[in-house]
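The structure appears right after this line, and notes come after that.
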């Protein structure tokens, strides 16, 4: 479509240049400028040209008017940033039975008569008018019919344009066919050609060649936007939860050098190179979550640009049990592994289509996710899965146990490496029996834990925990209570950020650090 639109425009501009040339041909032009062998032909041409001035003028003015319409259409397309409206209009006017196609044919007839034949000298080619009066009338009618339809496109009257195209298509095509036949018969009788137009046509092509590129660019931008919107909708359909936000917050809170001991450890390096699972248990407050964020960041830094490596991570939180069912967690891993691809895996697209109906899109089941997840993971040569705080995933309904079981199944089906942290919960430790283990230790000195290394943050309490005004406990008492239960964990920021809190809040915090 784009190349055809460009050709039509170039042809229109070319015709104007031809018409202008013929109009300005000096009346005193003399056959003495030609070779003697062509003198008789030149004299005959001068006699013939004198009677064609009116036809040249009519055709030139019609083509100029058509050129103005095409130029305005090109300007509108150029000024449209996203091209949504014009991309649809271009499709209408460039259809097989639409005005651009027929206008291109009419202008091609003229151009075919203008192109010089091999062996004909330029001066001879420039003076022979190839059209009779009937042909000019038919050409003018054909150009005017299509120009009027393009005017509707310029007014963005798409509905009326479609109606007029359907109404006039058969008649316009019939008249165009008659014009082609007439010109063909005339061409058989008249071998004289007009002046060589290659130079002028090349200049027009150089100045207007970007029209097709601009229209093509508009379509590409619109298509890319549609793909991006659809891609985001499918990924969010799996789960709206985005752990990247929490990961970014954790990275921003780190101090320089935090967690380097873990990244430099033999256990971690062995897990990266040949290992399958690395389990890192630790006491409350030892810095398991911040170390997990360091592992994620290290993997993203070294392998984030590798299309053969998939990375997925989950930060569990006991306050968000409503989004930590086994299907939620596995769906999030599927979302991340799918989002790493330049285009969504076909298996995921097919699953979404299966759930898209007239009444809306239904949620994927656990079985759906378990069916697609191994297929997507298998697209990578290796997959890293990082799970933080397994102990904060409720197992009262078996979610945590089933989650771990499905992760192990995934490891068996593809080259998936699992990194996990947890408190020392017997059931969880038993799940990792036989796996590589690296215990996360704390410092024996207050305020300087080995693993943590946080900048002092402002403490933000969960919104759903109601404060109490009738019974409070001081920040100093809270610090003392926390210190007695954690044997020196870094909790000095409590007293710096919270003078007093409610008893309910105190219980929530104490449960978290014990």
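In UniProt numbering, the protein residues as written are 1 to 514. Cβ atoms here follow ideal geometry from the backbone N, Cα and C, with glycine treated the same way.
In the pairwise beta carbon analysis, the segment 275-282 is classified as not touching the segment 247-255: fewer than three pairs are separated by under 8 Å. With contacts defined by Cβ atoms closer than 8 Å, residue 410 and residue 374 form a contacting pair. Pairwise C-beta distances place the segment 414-424 in contact with the segment 386-399, as three or more of them are shorter than 8 Å. By the beta-carbon neighbour count (other beta carbons within 10 angstroms, threshold 16), residue 362 is exposed. Put simply, the segment 306-326 touches the segment 336-348. At least three CB pairs are less than 8 Å apart. DSSP, read as helix, strand or coil, puts residue 236 in helix. Positions of the beta strand (DSSP E) runs, each at least 3 residues long and wholly inside the segment 275-310, are given as 277-281 in order along the chain. Going by C-alpha positions, residue 243 is about 11 Å away from residue 293. Annotation for residue 298: 263 place their beta carbon closer than 6 Å to its own, counting only its chain and skipping 5 residues before and after.
Cβ-Cβ separation between residue 142 and residue 73: approximately 19 Å, too far for a contact (criterion under 8 Å). Secondary-structure assignment with DSSP links residue 388 through a beta bridge to 315. In the three-state scheme derived from DSSP, where H, G and I count as helix and E and B as strand, residue 373 is classed as helix. Counting only residues of its own chain and dropping the five nearest sequence neighbours on each side, residue 58 has a CB closer than 7 Å to the CB of 136, 140. Scanning its chain for C-beta atoms nearer than 7 Å, with the 5 sequence neighbours on each side dropped, one finds around residue 231 the residues 344, in chain order.
Residue pairing by DSSP places residue 428 opposite no residue, since no beta bridge is assigned to it. Assignment of residue 338 by DSSP, reduced to helix, strand and coil, places it in the helix class. Residue 360 sits exposed, since fewer than 16 C-beta atoms from the chains shown fall within 10 Å of its C-beta.
With respect to the 8 Å criterion, residue 234 and residue 352 are classified as neighbours on the basis of their beta carbons. Residue 291 is positioned such that its CB atom lies closer than 8 Å to that of residue 440.
In this structure, the straight-line span from the alpha carbon of residue 69 to that of residue 76 is close to 11 Å. According to the DSSP assignment, residue 403 belongs to the alpha helix (DSSP H) that extends over 399-413. For residue 422, the enclosing beta strand (DSSP E) has its first and last residue at 416-422. Nearest to residue 149 by alpha-carbon distance, out of 295, 90, 366, is 90.
Counting other Cβ atoms within 10 Å of its Cβ, residue 426 stays below 16 and is therefore classed as exposed. In summary, residue 381 is exposed, with fewer than 16 beta-carbon neighbours lying within 10 Å of its beta-carbon over all protein chains present.
Residue 99 counts as buried, since at least 16 other C-beta atoms from the protein chains shown sit within 10 angstroms of its C-beta.
When the five nearest sequence neighbours on each side are left out, the beta carbons in the same chain lying within less than 7 Å of the beta carbon of residue 393 are those of 316, 324, 399, 400, 403, in order along the chain. Across the structure, residue 247 and residue 314 are spaced so that their CA atoms are roughly 9 Å apart. Where residue 352 is concerned, the enclosing alpha helix (DSSP H) starts and stops at 346-355. According to DSSP, residue pairing for residue 382 in a beta bridge involves 309. Membership of residue 272 in the alpha helix (DSSP H) is indicated by the continuous run 266-273. Note: residue 333 is not bridge-paired with any residue in the DSSP secondary-structure output.
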